[in-house]
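Participant:
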Amino acid sequence: MVNQNNEQLNEIFHALADSTRREMVQMMAERERTVSELAEPFEMSLAGISKHIKVLERANLVERSINGRTHICRLNTETLSQATKWLQTYEKFWNNRFDLLEYELMKAKKKEN
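Mapping of the sequence shown onto our numbering: residues -14 to 98, in sequence order.
(1) Give me the residue from L31, T74 and R18 with the minimum Cα distance to R49.
(2) Quick check: what's the CA-CA separation for E97 versus R82?
(3) Name the residue from N52, V20 and L90 whose alpha carbon lies nearest to the alpha carbon of H37.
(4) Quick one: give me the first and last residue of the alpha helix (DSSP H) that R82 is part of.
(5) Give me the Cα-Cα distance between S30 and K77, rounded to the nearest whole angstrom.
(6) Taking the C-alpha atoms as reference points, what is the distance between N45 and L86?
(7) Check the C-beta distance from L65 over to A0 and give it rounded, since I have them as a contact under 8 Å.
Structure follows, in structure tokens:
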């Protein structure tokens, strides 16, 4: 289970490491999009956009449905939440460390005065 979770996180962060894919995720956060809509802001072929979508699908960040010849992509927010939870764990850790550092610095400053 832990290895599967690590592999899933690796796929998610790999997918989000690319600015084009992050922008596509942002677009789908507003509403579901067709592949053509996702391709519109980029100077890229539909084949190139499709490769980006496949990376997002492998990471389970995007679900694609087909309606006739139209491919519709929607964001899988549950998967995005997994990455957010992982990041929040480290955010809490570092916030605690910074709070402790601030406390120690204030203590040292009081000793100087």
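Each residue gets a CB set at the ideal place from its N, CA and C atoms; glycine is no exception.
Facilitator: The answer reads as follows:
(1) R18
(2) 23 Å
(3) V20
(4) T62 to E97
(5) 42 Å
(6) 39 Å
(7) Not confirmed; about 10 Å, so no contact.
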